Amino acid sequence: MITIQNVRKTFPIKGGEFVALGGVDLDIADNEFVTVVGPSGCGKTTVMNILAGLETPTSGQALVREKEITGPGPDRGVIFQQYALFPWLTVRKNVEFGLRTAGVGRDERRERAQHFIDLVGLHDFADALPRTLSGGMKQRCAIARAYAVNPSILLMDEPFGAVDALTRVRLQEQLLQTWSQEKRTVVFITHDVDEAVFLANRVVVMAARPGRIVEIVDVDLPYPRTEELRLSPAFTALRNRVWSAVYHQEPIA
Ligand SMILES: Nc1ncnc2c1ncn2[C@@H]1O[C@H](COP(=O)(O)OP(=O)(O)OP(=O)(O)O)[C@@H](O)[C@H]1O
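For the sequence shown, the tail end lands on 634 under this note's numbering, and the numbers increase by one without skipping.
See the structure below:
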């Protein structure tokens, strides 16, 4: 369970302070898939950085299982838009990396890495170097690497932002397949309204100046989410609702 309680975050700027988050409250249940969508600068990455333990709130609290987040930890895996793979290591070695750091023995490392490499569909590329992989494959490798250390929470900041539209759709389906087999709590940031609705149990819509939550939309659609579902009236209705919440935000005085 993640609890965000009245979190404010300000940054000093010339002549005062900039309010990046002006009081954010959110509870996320274990194994829930939450997406966060909103215009540029509304504070999505700031929320993520606070959950990752890379930033601290100016006031308010962020907690995991009732314990205040005080820094990064193995209970939270972070996946960014840039792949952040080690270019000199093969897929397998990249996935094993965190396990090695955690002191997991060789055989178990192998086994766990192989499990997640298979799960993200990179079986045939386990011994390939990142530069020989497509963008989508690199991102699947990053997902396998995050999963391998067995965090209960995955924090994903625009992970599919750098790939083409078709690959993006495939990656969404792949991620949901992985998640349905290995449930984790996922907080997933995106600019893409379709992606936000397709993936989530709940879509959190944020607005800027100050960064805040303006609406939370329950996505009451069954998993597995399929292409057919993506084209259904129920999906379109939810997508339109989220779209309106994002793009028809009242400018505030
Ligand atoms: N270190 C900092 N110093 C000053 N301002 C900052 C700092 N970090 C973030 N901000 C400001 O806080 C606001 C929120 O930034 P954040 O990166 O969280 O937004 P975002 O919603 O993730 O945006 P985008 O979608 O463009 O990535 C922005 O206006 C940004 O300029």
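Positions of the beta carbon are idealized from the N, C-alpha and C atoms, including for glycine.
In this text the structure is predicted, and so the values were computed from the model without any measurement.
At a cut-off of 6 Å, would you count Ala577 as near ligand 1, judging by its Cβ distance to the nearest heavy atom?
Walking along the sequence shown from the start, residue 577 turns up at place 196. The answer is no for Ala577.
Assuming Gly403 is part of the beta strand (DSSP E), what are its boundary residues?
In the sequence shown, residue 403 corresponds to position 22, counting from 1. Judged by DSSP secondary structure, Gly403 falls within the beta strand (DSSP E) whose first and last residues are Gly397 to Ile409.
Out of Ser613, Val530, Gly484 and Val544, which one is the CA nearest neighbour of Ile498?
Position 117 of the sequence shown holds residue 498. Comparing alpha carbon positions, the residue from Ser613, Val530, Gly484 and Val544 closest to Ile498 is Val530.
Among all the DSSP beta bridges, which residues are the ones paired with Asp538?
Locating residue 538 in the sequence shown gives position 157, where the first residue counts as 1. BP columns for Asp538 point to Ile570.
Considering only C-alpha positions, which residue in the set Thr559, Arg593, Gly592 and Arg606 is nearest to Ala581?
Within the sequence shown, the letter at position 200 stands for residue 581. Out of Thr559, Arg593, Gly592 and Arg606, Arg606 has the C-alpha closest to the C-alpha of Ala581.
Verify the contact flag: Lys395, CB atom, against every heavy atom of ligand 1, threshold strictly below 6 Å.
The residue given as residue 395 occupies position 14 in the sequence shown. Lys395: no, Cβ never under 6 Å from ligand 1.
Less than 7 Å separating the beta-carbons of Pro591 and Gly403?
Position 210 of the sequence shown, counted from the first residue, corresponds to residue 591. Position 22 of the sequence shown, counted from the first residue, corresponds to residue 403. Going by C-beta atoms, Pro591 is nearer than 7 Å to Gly403.
In this structure, does DSSP put Met587 in helix, strand or coil?
As a working note, residue 587 is residue 206 in the sequence shown. Secondary structure of Met587 (DSSP, three-state): strand.
Provide the residue(s) that pair with Ala443 in DSSP beta bridges, ordered along the chain.
The residue given as residue 443 occupies position 62 in the sequence shown. Answer by DSSP bridge pairing, in chain order: Ile385.
Contact between the segment 460-476 and the segment 517-528: three or more CB pairs below 8 Å?
Under the 8 Å Cβ criterion, the segment 460-476 counts as touching the segment 517-528, having at least three qualifying pairs.
Spatial neighbours of Phe392 within its chain, please: CB distance less than 7 Å, with the 5 preceding and 5 following residues excluded, ordered by chain position.
Here residue 392 refers to the residue found at position 11 of the sequence shown. A distance below 7 Å between beta-carbons, with the five flanking residues on each side excluded, links Phe392 to the following residues of its chain, in chain order: Glu398, Phe399 and Ala401.
With DSSP run on the structure shown, which of helix, strand or coil describes Lys564?
Numbered from 1 along the sequence shown, position 183 holds the residue referred to as residue 564. Three-state DSSP puts Lys564 in coil, outside helix and strand.
Once you ignore the five residues that flank Leu610 on each side, which residues in its own chain have a CB closer than 7 Å to its CB?
For the purposes of this step, residue 610 is taken as the residue at position 229 of the sequence shown. Counting only Cβ-Cβ distances below 7 Å, and skipping sequence neighbours, we find Leu602 and Phe616.
Stretch pair the segment 533-545 + the segment 456-463: three plus CB contacts closer than 8 Å
With the cut-off at 8 Å, the segment 533-545 and the segment 456-463 touch.
With contact counted as at least three CB pairs below 8 Å, one residue from each stretch, are the segment 572-581 and the segment 410-424 in contact?
Three or more beta-carbon pairs drawn from the segment 572-581 and the segment 410-424 are found closer than 8 Å, and the two stretches are therefore classed as touching.
Exposed or buried, which one is Thr355 when buried takes at least 16 other CB atoms within 10 Å?
Any question about residue 355 goes unanswered here, given that the chain covers just 382 to 634.
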